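Chemist: Residue numbers (the numbering used here): 2 to 78.
Don't be surprised by glycine CBs; every beta carbon is placed ideally from N, CA and C.
Computed from a prediction, not measured in an experiment: that's the story for all the values here.
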């Protein structure tokens, strides 16, 4: 099983969460982050130079993530 995973690791598409958690996202991926309140929050917290206002608009779609955004993201209003 491990050999199979190693052979196919380069061809396996990587999810947004995987790329975000491993520091592989850039500012160009911001539109993809807005597809989910969680990813909008995480993108704003973890990517330097993220547009806070745009990410905030994505995060407020869910009350829990809106609260976390307001509490933990600098520049949130």
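Over what stretch of residues does the alpha helix (DSSP H) that includes residue 55 continue unbroken?
Modeler: 53 to 60 is the extent of the alpha helix (DSSP H) around residue 55.
Chemist: Can you list, in chain order, the residues of its chain with a C-beta nearer than 8 Å to that of residue 66? Leave out the 5 residues immediately preceding and following it.
Modeler: Around residue 66, the same chain offers 38, 39, 41, 42, 60 as residues with beta carbons nearer than 8 Å, after the five sequence neighbours per side are excluded.
Chemist: If you draw a straight line from the alpha carbon of residue 73 to that of residue 53, how long is it in whole angstroms?
Modeler: 12 Å
Chemist: Could you check where the alpha helix (DSSP H) with residue 1 kicks off and where it finishes?
Modeler: With the chain covering only 2 through 78, there is no way to say anything about residue 1.
Chemist: Give me the Cα-Cα distance between residue 48 and residue 29, rounded to the nearest whole angstrom.
Modeler: 11 Å
Chemist: Taking only the alpha-carbon atoms, compute the straight-line gap between residue 76 and residue 70 and give it to the nearest angstrom.
Modeler: 10 Å
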